[in-house]
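Here's the structure, in structure tokens; my notes come after.
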Amino acid sequence: MSTTTHKLAVPIQAHGDQLTELTLRRPTPQEIRNIKVFPYVLGEDNRPVAETEAASKYIAVCAGIPPSSVNQLDIFDLNTLVWMVIGFFLKPATKAPDSEAPSN
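With this note's numbering as the guide, the letters of the sequence shown map in order to residues 3 to 106.
Take a look at the structure:
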């Protein structure tokens with residue numbers, strides 16, 4: 003499963019620990035269905051426009067932290083993580099070399 007790590011500009015607390023970085027994994031289809039909305043909409047120019055509330059839910063789920071920890075994020079970190087989440091929706095997951103379909 004695809005993951006990406008962000009070093010936090012300002013540490014946060016989660017599960018009783020101080021975190022200096024967050025690792026996000028791709029959300030699963032079931033998690034997307036549970037959240038019920040994508041973390042972005044398309045603007046008039048067909049470019050993604052962040053939906054911060056939805057993206058914050060994905061950050062909590064995909065980083066394995068409580069929503070209260072998302073609320074502690076510095077706005078620089080929040081902005082970076084929001085766009086990291088959106089990035090998962092805009093490009094396909096990379097396949098591991100041994101997971102490729104056999105050629106005929």
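Don't be surprised by glycine CBs; every beta carbon is placed ideally from N, CA and C.
Under the DSSP definition of a beta bridge, which residues are partnered with K9? In the sequence shown, counting from the first residue as 1, residue 9 sits at position 7. DSSP lists E23 as partners of K9.
Measuring CB atoms only, is the region 78–91 touching the region 41–59, in the sense that at least three cross pairs come out at less than 8 Å? yes
Reduced DSSP category for I14 - H, G, I as helix; E, B as strand; rest coil: On the sequence shown, position 12 is the one that residue 14 refers to. Strand at I14.
Bridge partners of Y60, per DSSP? On the sequence shown, position 58 is the one that residue 60 refers to. Y60 pairs with nothing; no bridge assigned.
Taking DSSP as the reference, what is the three-state secondary structure of L44? For the purposes of this step, residue 44 is identified with residue 42 of the sequence shown, where counting begins at 1. Looking at L44 - three-state DSSP - the assignment turns out to be strand.
Nearest by alpha-carbon distance to R27: which of K97, L92, V87 and K93 is it? Counting from one through the sequence shown, the residue named residue 27 turns up at place 25. Ranking the options by Cα distance to R27, first place goes to V87.
Exposed unless 16 or more other CB atoms sit within 10 angstroms - verdict on A65: Your numbering for residue 65 matches position 63 in the sequence shown. The residue in question, A65, is buried, as its Cβ has 16 or more Cβ neighbours within 10 Å.
Best match in I14, G18, L24 and A52 for proximity to T7 [C-alpha to C-alpha]: Translated into the one-based positions of the sequence shown, residue 7 becomes position 5. For T7, the nearest C-alpha among the options comes from L24.
Measuring CA to CA, which of T30, V63 and E53 is closest to G45? Within the sequence shown, residue 45 is the residue found at index 43, counting from 1. Considering only alpha carbons, the answer is E53.
Could you name each continuous alpha helix (DSSP H) segment of 4 residues or more that falls completely within the region 70–97, going from the start of the chain to the end? 77–92
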